Structures are given as structure tokens and as C-alpha cells.
Amino acid sequence: MDNREILLLATSHGIAICGREAVGWRVTRRDLPGSFVTSVIVQGDKILAGTKDGILRSRDRGESWQAVNSGLSIRHIRWLAAHPDNPQRVFAGSEPAGIFLSRDGGLSWRARPEVAEMKDQQGWYLLYSPEAGCVRDFAFCGTDGFAAVEVGGILVSKDYGETWSLNRKNQSPEKNIHPDVHSTTIHPSSANLIAATTGGGFFLSKDGGATWDNRYPDCYCRAVWWNPVDPEHMLLGAADWVDRNGQIEETRDGGYTWSEVTRGLDLPWRNHMVERFYQVGDHLLAVLSNGELLVTSLEPLNWQRLLPEVRDVAALAGLNLTN
Numbered sequence: 044m045d046n047r048e049i050l051l052l053a054t055s056h057g058i059a060i061c062g063r064e065a066v067g068w069r070v071t072r073r074d075l076p077g078s079f080v081t082s083v084i085v086q087g088d089k090i091l092a093g094t095k096d097g098i099l100r101s102r103d104r105g106e107s108w109q110a111v112n113s114g115l116s117i118r119h120i121r122w123l124a125a126h127p128d129n130p131q132r133v134f135a136g137s138e139p140a141g142i143f144l145s146r147d148g149g150l151s152w153r154a155r156p157e158v159a160e161m162k163d164q165q166g167w168y169l170l171y172s173p174e175a176g177c178v179r180d181f182a183f184c185g186t187d188g189f190a191a192v193e194v195g196g197i198l199v200s201k202d203y204g205e206t207w208s209l210n211r212k213n214q215s216p217e218k219n220i221h222p223d224v225h226s227t228t229i230h231p232s233s234a235n236l237i238a239a240t241t242g243g244g245f246f247l248s249k250d251g252g253a254t255w256d257n258r259y260p261d262c263y264c265r266a267v268w269w270n271p272v273d274p275e276h277m278l279l280g281a282a283d284w285v286d287r288n289g290q291i292e293e294t295r296d297g298g299y300t301w302s303e304v305t306r307g308l309d310l311p312w313r314n315h316m317v318e319r320f321y322q323v324g325d326h327l328l329a330v331l332s333n334g335e336l337l338v339t340s341l342e343p344l345n346w347q348r349l350l351p352e353v354r355d356v357a358a359l360a361g362l363n364l365t366n
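Using the numbering used here, you'd call the opening residue of the sequence shown number 44 and step up by one each time.
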């Protein structure tokens, strides 16, 4: 990790801004007290924070914040993502399920009406909420985009996120993906290589999402880390069911065989699991569903608790102080 970088931790009670010093990380400031922050992304000096009551934007690294909810007809935001080729093109996934597109860096938003239509037609739902599904993750590569819908499947865009359609159903049922999708990831080596975590296993596609192979059918999972230089190497946050007997498993053959990662961990976690993985330099961070934050070097893996004074972490982002 670079000491010129700070971490922004999205929590249920605001954002914790943390800097690394010689003796480790420490909280240097807390922003947005009272806001339930679900997602945070960084665009140069600008920060966008998704909350349960809309989106907030800072132009000065968190010194001040403004609400940017113009066009946002659903205020409960589950995830934010910027297109890697154009940071002015930002996407918000909501609960109930909706996708909102901003073409001006998050100042204003427009709903994608076809998503609301699919939600009603397909009967999307959530097991833990009366709302009709949610969009909880995005992945982009060039013109192609993917959105994870819980519970509804994967949405696909072929025009930089302007329009979305449901990932087409394959004629062979065993080549379809489980509808309870939690995250999608595109590997840097190929736009056709896509991974998805679901309530019915870990899925891999080698043809851009046309067909799917369940590489770990007997698990519930939300998070995967995919080695950017080795597509055969992954870490998976596996569990028996929602927050039940969570653990971390590793594969080095593309998901055909898995082994437990245990160093520094007391597994299984009876009542929580990995929610998200983040790579920061040569370290890997894991956000757990109970709000704890773990860290390890990539080689060797040896997990430790990070910043235990910060509670209820939901997401994180890095900010480079030299920008």
C-alpha cells in the first residue's frame, strides 16, 4: 500500500477517512455523520457516496458535500460505478431494482426505463425486503456492461450502459446462471471472461455471458477476487447460506478445485461471510457482512483485522493524495 493513498470506508454511520502512517492505518477524519453510506467511488479529487437516501458528491476530497439527486426517482442506492473508459459516465444501482445513468460525473441522473419494465415483467424480488429486487454490482469493458440483480439475473448492455437487457436464456438449462446474482467481474485478459457470484454457486463464462459454467455449485457467495495476471487464480467468499458458516477458499485451476484459506482466520464464521474483496496495491482487503475489515498481503496470504475501531463497513475506495 502506498502512503500517498488514503482509504474511504463507507459505513452505516458515515464515511471514515483513513490514512496510512509508519505504524499502520488510522482514522484521520469522519464525514457524513448520520448517513447510511452503501457505496463510495473516487474520480480524481471528486468523491461520490451512495446512501439509503440518495447520492452525495464532494469536489474537495470530502471537505464538503452536496446532494446530487436530480433525476433520481429511487433514493436507496445499493452500488455506484464509473465506466473505466469515461469517468464522467457513472451508474447507480438501486433498491428496488433500477439503474440510473449520469453523463456528467454524477451531477444529474436518468433512469433506464427498460430496467423497471423488466423488474415488473420478471417479478424480481428480495428475500429480506418487501422491495422488488436490487441492482448491487456493475462491471464494464469497452461497450459491454453487466449488472448483477438480486434476485433477477444478469443485465447486459452493448452500448456503454445506455440500454440494458436480460442476459439471454440459453437453450440448455445447465448453461444458464442462477438468478440470485450478487456480483460480476470481467477479467483484464479478455472481455469474454466473466465471473459471477450467486446464491446458487460461483459461475464462470468464457463467451461473454452467452453460457455459464457453475464452478462451485454447493455454495452461497457474494465476493470473488480474481488475480489480474492469472485468470486461473481466485479467492472466493463462500458460505453454506446467507451469513452462515462463511469462509475463504482459493483455486489455482480456474475453479475446478478449491482449498480453504485459513492463515490468520478462525473459520468458519458462523454468522457472517465475505461481502466484498478489494485489491489495493500488493494487498487484499475483505469487507465482511458483519462490518469488519480484514487485510492480507497477496503473497503469502495471512489475514489480519484492520481498523477495528471502524464499525459497520459496507464498501471502500482509495484516494491518491498526490492528485
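Just so you know, even glycine gets a beta-carbon here, dropped at the ideal spot from N, CA and C. Remember, predicted model here, so these are calculated numbers, not experimental data.
Starting from residue i, trace the alpha helix (DSSP H) in both directions and tell me its first and last residue.
{"i": "residue 316", "result": "Counting along the chain, residue 316 falls outside any alpha helix (DSSP H), and DSSP gives it neither H nor E."}
{"i": "residue 160", "result": "156-165"}
Which partner residues does residue i have in the DSSP bridge list?
{"i": "residue 294", "result": "277"}
{"i": "residue 372", "result": "Here the chain has residues from 44 to 366 only, and residue 372 is not among them."}
{"i": "residue 240", "result": "226 and 245"}
{"i": "residue 153", "result": "144"}
{"i": "residue 63", "result": "68"}
{"i": "residue 129", "result": "126"}
{"i": "residue 312", "result": "289"}
{"i": "residue 119", "result": "Answer by DSSP bridge pairing: none, since residue 119 is not bridged."}
{"i": "residue 169", "result": "172"}
{"i": "residue 301", "result": "None; residue 301 has no bridge partner."}
{"i": "residue 220", "result": "None, per the DSSP bridge assignment."}
{"i": "residue 137", "result": "120 and 141"}
Would you grab the beta carbon distance between residue i and residue j for me? Rounded to a whole angstrom, and I think it's under 8 Å.
{"i": "residue 131", "j": "residue 148", "result": "5 Å"}
{"i": "residue 42", "j": "residue 151", "result": "Nothing in the structure corresponds to residue 42, since the chain is present only between 44 and 366."}
{"i": "residue 223", "j": "residue 174", "result": "With a Cβ gap of about 15 Å, residue 223 and residue 174 do not count as contacting."}
{"i": "residue 299", "j": "residue 258", "result": "7 Å"}
{"i": "residue 328", "j": "residue 321", "result": "5 Å"}
{"i": "residue 357", "j": "residue 84", "result": "Going by Cβ atoms, the distance from residue 357 to residue 84 rounds to 13 Å, so no, they are not a contact pair."}
{"i": "residue 243", "j": "residue 221", "result": "3 Å"}
{"i": "residue 90", "j": "residue 101", "result": "4 Å"}
{"i": "residue 58", "j": "residue 362", "result": "Not quite, the Cβ-Cβ distance comes to about 11 Å (not below 8 Å), so this is no contact."}
{"i": "residue 226", "j": "residue 191", "result": "5 Å"}
{"i": "residue 353", "j": "residue 52", "result": "5 Å"}
Looking at the secondary structure, which residues open and close the beta strand (DSSP E) in which residue i lies?
{"i": "residue 72", "result": "67-74"}
{"i": "residue 341", "result": "Premise fails: residue 341 is in no beta strand (DSSP E) and is neither H nor E."}
{"i": "residue 198", "result": "196-200"}
{"i": "residue 187", "result": "187-193"}
{"i": "residue 89", "result": "89-94"}
{"i": "residue 180", "result": "177-184"}
{"i": "residue 80", "result": "80-86"}
{"i": "residue 367", "result": "The requested residue 367 does not occur in the structure, where the chain is confined to residues 44 to 366."}
{"i": "residue 51", "result": "48-54"}
{"i": "residue 101", "result": "97-101"}
Quick check on this structure: which residue in the options has the alpha carbon closest to the alpha carbon of residue i?
{"i": "residue 179", "options": "141, 354 and 77", "result": "141"}
{"i": "residue 240", "options": "252, 263, 186 and 234", "result": "263"}
{"i": "residue 72", "options": "61, 80 and 65", "result": "61"}
{"i": "residue 297", "options": "316, 321, 268 and 325", "result": "268"}
{"i": "residue 7", "options": "124, 184, 103 and 65", "result": "Residue numbering for the chain in the displayed model covers 44 to 366; residue 7 lies beyond these limits and cannot be assessed."}
{"i": "residue 208", "options": "219, 278 and 155", "result": "155"}
{"i": "residue 316", "options": "201, 206 and 289", "result": "289"}
{"i": "residue 187", "options": "126, 247 and 276", "result": "126"}
{"i": "residue 275", "options": "286, 233, 251 and 260", "result": "233"}
{"i": "residue 252", "options": "197, 261, 226 and 301", "result": "197"}
{"i": "residue 92", "options": "54, 293 and 65", "result": "54"}
{"i": "residue 56", "options": "69, 77, 336 and 176", "result": "77"}
{"i": "residue 260", "options": "254, 104 and 245", "result": "245"}
{"i": "residue 237", "options": "182, 202 and 200", "result": "182"}
{"i": "residue 97", "options": "120, 88 and 105", "result": "120"}
{"i": "residue 195", "options": "161, 133 and 227", "result": "161"}
{"i": "residue 95", "options": "250, 80 and 145", "result": "80"}
{"i": "residue 74", "options": "103, 67 and 63", "result": "103"}
{"i": "residue 86", "options": "69, 67, 133 and 349", "result": "133"}
{"i": "residue 278", "options": "335, 211, 319 and 201", "result": "319"}
{"i": "residue 231", "options": "255, 333, 159 and 270", "result": "270"}
{"i": "residue 128", "options": "158, 202, 226 and 63", "result": "202"}
{"i": "residue 333", "options": "124, 352 and 286", "result": "286"}
{"i": "residue 146", "options": "124, 254 and 325", "result": "124"}
{"i": "residue 229", "options": "337, 247 and 217", "result": "247"}
{"i": "residue 250", "options": "273, 272 and 211", "result": "211"}
{"i": "residue 67", "options": "349, 254, 272 and 335", "result": "349"}
{"i": "residue 144", "options": "293, 200, 292 and 338", "result": "200"}
{"i": "residue 340", "options": "218, 324 and 355", "result": "324"}
If we cut at 7 Å on Cβ distances, does residue i have a partner in chain B?
{"i": "residue 105", "result": "Checking the listed chains, one finds no chain B in this structure; it contains a single protein chain."}
* Spell out a yes or no on whether the region 103-111 and the region 167-176 are touching, meaning 3 or more CB-CB pairs, one atom from each, closer than 8 Å. => Counting Cβ pairs under 8 Å, fewer than three are found: no touch.
* Asked: So does the region 273-292 actually touch the region 309-320, counting three or more Cβ pairs closer than 8 Å?
  -> yes
* Report yes or no: do the region 338-351 and the region 291-311 share at least 3 C-beta pairs separated by less than 8 Å? => yes
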